[in-house]
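Heads up: the protein sequence lines correspond to chains A and B, in order. Note that numbering that gives the first Met the number 0 gives residue 197 to position 198 of the first sequence, counting from 1, and the numbers run on in steps of one. Note that numbering that gives the first Met the number 0 gives residue 341 to position 342 of the second sequence, counting from 1, and the numbers run on in steps of one. Every residue, glycine too, gets a C-beta built ideally from N, C-alpha and C. Source: prediction; values computed, not measured. Accompanying notes for the structure given below.
2 protein chains.
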Amino acid sequence: MGPQHTSRGPVPHGHVTLAQVAQRAGVSAQSVSNALNNPDRLAAETRKRILAAVEELGYEPNLSARALRNRSSSLIAFKMRPSRPDKASLLMDDFLYVLNAAAVEAGYHLILCHAEDGPAGEIKAYRDLLKKTSIDAFVLAETHHNDDRVAALRSWGVPFASFGRSWDGDDSLAWVDVDGRAGTRAATDHVAAQGHTRIGHIGWLAESELGQDRREGWLDACRERELEADLQAAVVDSLEAGCQAAHRMLDASRPATALVCASDTLALGVMRALHERGLRPGVDVAITGYDDSPTAALVSPGLTTLRQPIDEVGRQLIQAIDNLMAGDPRQPQHVLLEPELVVRGSSLPGPRMRTS
Amino acid sequence: MGPQHTSRGPVPHGHVTLAQVAQRAGVSAQSVSNALNNPDRLAAETRKRILAAVEELGYEPNLSARALRNRSSSLIAFKMRPSRPDKASLLMDDFLYVLNAAAVEAGYHLILCHAEDGPAGEIKAYRDLLKKTSIDAFVLAETHHNDDRVAALRSWGVPFASFGRSWDGDDSLAWVDVDGRAGTRAATDHVAAQGHTRIGHIGWLAESELGQDRREGWLDACRERELEADLQAAVVDSLEAGCQAAHRMLDASRPATALVCASDTLALGVMRALHERGLRPGVDVAITGYDDSPTAALVSPGLTTLRQPIDEVGRQLIQAIDNLMAGDPRQPQHVLLEPELVVRGSSLPGPRMRTS
DNA sequence: GGCGTTGTTTTTAACGTTAATATCAGGCAG
DNA sequence: CTGCCTGATATTAACGTTAAAAACAACGCC
C-alpha cells in the first residue's frame with residue numbers, strides 16, 4: 000500500500016520483525032519494543048511514527064521469542080476429561096468455547112493438556128507441560144476437597160484458577176463457581192409452587208461436595224415449606240442409577256410426585272423410569288435436572304433444568320487469572336454465580352403441545 | 000537422586016537447560032542436542048553418557064526456544080465453533096479430546112483458535128495466529144465445496160488436514176471422513192429389515208454436500224429394495240424442522256412408518272412429533288438418527304443412530320499431518336471410515352423394558 | 001563553564017536451541 | 001614425514017525479543 004513495496008515482494012505469510020519495523024521508522028529495535036510495551040518511555044512524536052510503521056508493515060510480535068525472553072508464553076492450559084458414554088456431556092463443549100473466547104479476548108491462548116489416567120497422571124502432565132514450555136497459568140475444573148492438583152500447582156508457584164470453589168475454606172484459591180444450593184432450591188420451589196408436596200431428591204454420593212451442596216438446596220426448600228424430606232437417594236451420576244432411584248421413590252408407600260435431581264443425567268434416568276411405567280413426565284410426575292445440557296432441550300417433553308452461566312464463568316476465570324498475573328495484591332477472586340431455572344414441559348402439568 | 004544435589008538446591012520447577020546437561024556429561028551443548036536429534040552423529044559411547052545425564056537431570060527441551068530457532072512449535076491449531084442451542088452438540092467434545100490425545104501422543108499440542116464471525120473471520124484468525132506464533136499445522140472441520148479456508152491455508156503453504164472430505168475432487172487435500180452414505184444405507188436397511196416399506200428421509204438442505212451424501216444412502220437402499228422414495232424432506236438442522244417434517248410425512252395419504260434422519264437433532268424432532276401425536280417411537284414409528292450424540296443414549300426409548308469412529312478420525316488426522324510435515328512425497332492421505340449402526344429402542348417394535 | 005538532572009534513545013547481552021562451520025585427532029596413502 | 005580424508009566433537013552465530021545499562025541531548029543551576 001506504499002511506494003516501497005518493491006523491497007520484499009510477496010512475502011509467504013508475513014514474517015515482519017522488530018528490526019524491520021525499526022528500520023522503517025528510523026529508530027532502534029528497542030524503541031519499537033518500548034513503543035508497544037512501555038509507551039511512556041518514548042517521546043509521543045516518536046511513538047506515533049513507530050506505531051504507524053507497525054501498522055503499515057502489519058507487525059505482530061513473535062510469541063515464541065517473547066516466551067523465550069520473558070519466560071511467559073501467554074498460554075493458558077486446560078485439561079479435558081474423556082467424556083463418559085452415559086453422561087450428558089456437561090457443557091464441556093460450551094465451556095471450552097467461552098473460556099477460549101475470553102482467553103483470546105484477554106490476549107491469551109488456550110492450550111489443551113492431556114493426561115492418561117485420572118489422579119496423579121494429571122499432575123504429571125502439568126509438570127511435563129511446564130518443563131517443556133512456559134505456561135502462564137492453568138484452569139482447573141471440578142476441584143474437590145484436598146485436591147492434589149491445587150497443592151501441586153501452588154507448590155510450583157504457577158497461577159491458576161478453578162471452576163469450582165474451594166471446599167476446604169482455602170481463601171487463597173481463586174475460583175469461580177455456580178451456586179448449586181440456590182439452584183436446587185429454586186427448582187424445588189418451582190415444583191412446590193405447582194402444588195407438589197411429595198418432592199424427592201436424587202443426588203450424588205456423599206463424598207461429592209458439589210452433590211452435597213445441591214442437596215442442601217432441596218433441604219432448604221423443604222424445611223421452609225415444612226415438607227417432609229424423607230425421599231432422597233445418593234447415587235452415582237448415571238442414567239441407570241437415576242432410573243432405579245426413581246423406581247424406588249415411586250414404589251414408596253407415599254410415593255413421590257416430583258423428583259428434583261442433581262444432574263440432567265439423573266433426570267433423564269427418571270424419565271426412563273416413567274417411560275417404563277407408562278407414566279408421563281410433567282403430567283404424572285414432575286422432574287427437574289441440573290446443567291441445561293444440550294439434551295435437556297431436545298427430549299420430549301423438554302427437561303426443566305438449571306442453566307449455569309458458563310460464559311460468565313469463562314470470563315471470570317480468565318479475569319481471575321489476569322489479576323493473579325498482574326500480581327494484584329488483593330485477595331484472589333471468589334465469584335459465586337447464580338444459575339437460572341429453565342422451565343420446560345417435564346415439570347408442568349398442563350397441556351404441552353408445541354412447548355419447547 | 001545423586002551425590003551432587005547440593006549444586007542447586009530446590010529448583011522451583013525444574014528449568015534444566017542443554018548447557019547444564021552438557022556440563023554434567025562433560026560435553027558441549029551441541030553434542031547434547033545431537034544426542035537427542037541426530038543420534039548417528041555421535042559416538043555410541045558418548046551418546047549413552049549424555050542420555051544418562053539427560054535422564055538424571057530430567058531435562059526436557061524448551062519448546063519456546065525450539066520454536067524460535069526452528070520456526071516450528073509442535074503446535075496444531077483447531078478452531079471451535081460456538082455450539083448452537085438446539086443442536087445435539089455433535090461430539091465436538093469427544094472429538095477435541097481424542098484429537099488432543101492423538102496430538103500429544105505424536106509429540107504435538109493442540110492450541111485453540113478463536114474467530115468472531117463465521118466466514119472470513121476464521122481465515123483472519125488463522126492468519127493472525129500464524130503471524131504471532133509458529134503453528135505447525137491446522138485441523139479443519141466441516142469443509143465444504145470451494146472452501147475459502149482451504150484456499151487460504153494452501154496459499155500460505157501451511158500443512159493442514161480436514162475432518163470432512165474434499166467435495167470438489169481435490170486430490171491434494173489431506174482428509175479423513177466418515178462414510179455418511181454407507182451409514183444412512185445401513186440405517187435404512189435396518190428399518191427395512193423390520194418390515195417397514197414406507198420409509199421416509201429427513202435430511203438437510205440441498206446445498207449441504209454432507210446432507211446430500213447421507214440422502215444418497217437412503218436412496219440406494221430404497222432402490223435396491225424397490226421401495227418408493229417419495230417421502231423426503233430437505234430442511235435445516237433443527238429440532239423444530241425435524242418435528243414439522245415428521246408431521247408432514249405422517250399426514251401423508253400413505254404415511255411413513257419409519258423415518259431415517261440425517262442427524263440426531265432431526266430424529267429428536269421426530270420424537271417430539273410422535274410425542275405430540277401420542278405415538279410411540281419404535282412401536283408405532285421407527286426412527287433413526289445420525290452421530291450418536293450423547294443425547295441419543297439418554298432419551299427414552301434410546302435413539303438408534305450411527306456412531307462415527309471419532310477416535311480413529313482423530314488419530315488419522317494427526318497421522319496425516321505428521322506425514323505432511325515429514326514431507327512425505329506420497330499422496331496426501333484420504334481416509335474414509337465406516338460409521339457403526341447403534342441399535343436402540345427407537346427403531347424396534349418389540350417390548351423395550353430396560354433397553355438402554 | 002563545569003556539572004548534575006532529566007528525558008529520550010541506542011547498545012549490549014541474554015533467554016535456550018540448533019544449523020553451519022570450525023577444530024581436532026587418528027588413520028592411511030603417497 | 002607430509003598431506004588428505006574421515007569421524008567425532010566444539011565453536012560460532014542466529015532465531016526475535018526485551019531488561020539493563022550505556023550514551024546522548026537538552027536544560028537549568030551555581
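Going by DSSP, name the residue or residues bridged to residue i.
| i | result |
| --- | --- |
| R306 (chain B) | B:D290 and B:E339 |
| F77 (chain B) | B:L111 and B:V138 |
| S161 (chain B) | B:L139 and B:W174 |
| W217 (chain A) | Answer by DSSP bridge pairing: none, since W217 (chain A) is not bridged. |
| I198 (chain B) | B:A257 |
| W203 (chain A) | A:V234 |
| A285 (chain B) | B:A257 |
| V103 (chain B) | Paired residue(s): none; V103 (chain B) is not in a bridge. |
| V334 (chain B) | B:V175 |
| P280 (chain B) | B:V284 |
If I measure Cβ to Cβ from residue i and keep anything under 6 Å in the same chain, skipping five residues before and after, which residues do I get?
| i | result |
| --- | --- |
| A182 (chain B) | Before going further, note that residue 182 (chain B) is Gly rather than Ala in the sequence given. Once the five neighbours on either side are set aside, the close Cβ partners of G182 (chain B) are L305 and P338. |
| V342 (chain A) | T303 |
| M352 (chain B) | At M352 (chain B) the pLDDT is 43, less than 50, meaning the model places this residue with poor confidence and gives no usable figure here. |
| P118 (chain B) | none |
| L98 (chain A) | G313 |
| A296 (chain B) | none |
| D219 (chain B) | R184 |
Just to confirm my understanding: we take residue i, look at its own chain, exclude 5 residues before and 5 after, and list those with CB closer than 7 Å. What are they?
| i | result |
| --- | --- |
| R224 (chain B) | A191 |
| L340 (chain A) | A185, A186, H189 and L305 |
| V282 (chain B) | P348 |
| A233 (chain B) | G202, W203, L204 and A205 |
| M324 (chain A) | D135, A136 and P158 |
| L278 (chain B) | V284 |
| I320 (chain B) | I75, A136, P158 and A160 |
| G156 (chain A) | none |
| R46 (chain A) | A34 and P38 |
Contact defined as beta carbons within less than 8 Å: I believe residue i pairs with residue j. What is the distance between those atoms, to the nearest angstrom?
| i | j | result |
| --- | --- | --- |
| M79 (chain B) | L111 (chain B) | 6 Å |
| P331 (chain A) | S171 (chain A) | 6 Å |
| S346 (chain A) | A285 (chain A) | 4 Å |
| F77 (chain A) | L56 (chain A) | The Cβ separation is near 34 Å, so there is no contact. |
| S369 (chain B) | S32 (chain A) | Any question about residue 369 (chain B) goes unanswered here, given that chain B covers just 0 to 355. |
| R148 (chain A) | E121 (chain A) | 6 Å |
| G241 (chain A) | C260 (chain A) | 6 Å |
| A100 (chain A) | H113 (chain B) | 5 Å |
| I317 (chain A) | A102 (chain A) | 5 Å |
| R197 (chain B) | P254 (chain B) | 7 Å |
In its own chain, which residues sit with a C-beta less than 8 Å from the C-beta of residue i, not counting the 5 before and 5 after it?
| i | result |
| --- | --- |
| Q231 (chain B) | G199, H200, I201, G202, R214 and W217 |
| Q336 (chain B) | The displayed chain sequence assigns Leu, not Gln, to residue 336 (chain B). Only V175, D176, V177, D178, Q307, P308, E311, V312 and Q315 meet the Cβ criterion. |
| Q193 (chain B) | A257, A285, S346, L347 and P348 |
| M0 (chain A) | With a pLDDT of 35 at M0 (chain A), under the threshold of 50, the modelled position of that residue is not reliable, and the figure given next carries that caveat. For M0 (chain A), where only same-chain residues beyond five positions count, the Cβ hits under 8 Å are E55. |
| T132 (chain A) | A66, S72 and L74 |
| A43 (chain A) | none |
| H144 (chain B) | W166, D167 and E208 |
| L152 (chain B) | Y125, F137, L139 and F159 |
Review point. Given 8 Å as the limit, is there contact between the stretch 294-302 of chain A and the stretch 250-257 of chain A, that is, 3 or more CB pairs closer than that?
Key: Flag = no, the stretch 294-302 of chain A and the stretch 250-257 of chain A do not touch.
Check your understanding: At a Cβ cut of 8 Å, what residues of the stretch 58-87 of chain B count as close to chain A, listed as they run along the chain?
Key -> Going along the stretch 58-87 of chain B in chain order, one finds E59, P60, N61, L62, S63, A64, A66, L67, S72, L74, M79, R80, P81, S82, P84, D85, K86 and A87 with a Cβ nearer than 8 Å to chain A.
Review point. Touching or not, the stretch 257-265 of chain B and the stretch 282-299 of chain B, by the rule of three or more beta carbon pairs under 8 Å?
Key: Yes, they touch.
Review point. Quick one: any contact between the stretch 124-141 of chain A and the stretch 156-165 of chain A, if contact means 3 or more CB pairs under 8 Å?
Key: Result yes; three or more Cβ-Cβ pairs closer than 8 Å.
Exercise for review: For the stretch 13-29 of chain B and the stretch 44-61 of chain B, state whether three or more C-beta atom pairs, one from each stretch, are separated by less than 8 Å.
Suggested key: The way I'd put it, the stretch 13-29 of chain B does touch the stretch 44-61 of chain B; three or more beta-carbon pairs between them come closer than 8 Å.
Review point. Of all the residues that make up the stretch 276-301 of chain B, which are near chain A by a beta-carbon distance shorter than 8 Å?
Key: Those residues of the stretch 276-301 of chain B that come within reach of chain A (Cβ to Cβ, closer than 8 Å) are S292, P293, T294, A296, L297, V298, S299 and P300.
Review point. Can you list, in chain order, the residues of the stretch 103-114 of chain B whose Cβ is nearer than 7 Å to any Cβ on chain A?
Key: From the stretch 103-114 of chain B, only V103, H108, L109, I110, L111 and H113 have a Cβ closer than 7 Å to chain A.
Practice item. Using a Cβ-Cβ cut-off of less than 9 Å, list which residues of the stretch 251-280 of chain A approach chain B; keep chain order. Key: For the stretch 251-280 of chain A, which is checked against every Cβ of chain B, the residues closer than 9 Å are D263, T264, L267, G268, M270, R271, A272, L273, H274 and E275.
Exercise for review: Using a Cβ-Cβ cut-off of less than 8 Å, give me the residues of the stretch 129-148 of chain B that come near chain A, in sequence order.
Suggested key: Residues of the stretch 129-148 of chain B with a C-beta less than 8 Å from any C-beta of chain A: L129, K130, K131, T132 and S133, listed in chain order.
Check your understanding: Would you say the stretch 97-108 of chain A touches the stretch 65-77 of chain A, given that touching needs at least three Cβ pairs under 8 Å?
Key -> Contact between the stretch 97-108 of chain A and the stretch 65-77 of chain A is present, because at least three Cβ pairs lie under 8 Å.
Exercise for review: Note down, in chain order, all residues in the stretch 214-246 of chain A with a beta-carbon under 7 Å from any beta-carbon belonging to chain B.
Suggested key: The stretch 214-246 of chain A vs chain B, Cβ under 7 Å: L238.
Review point. Taking Cβ-Cβ distances below 8 Å as the criterion, which residues of the stretch 307-330 of chain B are in contact with chain A?
Key: Cβ contacts with chain A come from no residue of the stretch 307-330 of chain B.
Practice item. Can you give me, in chain order, the residues of the stretch 89-102 of chain B that have a beta carbon less than 7 Å from any beta carbon in chain A? Key: The residues in question are M91, D92, D93, L95, Y96, N99 and A100.
Point to revise | Residues within the stretch 117-128 of chain B neighbouring chain A, beta-carbon criterion of under 9 Å | key: Hits within the stretch, in order: A124, R126, D127 and L128.
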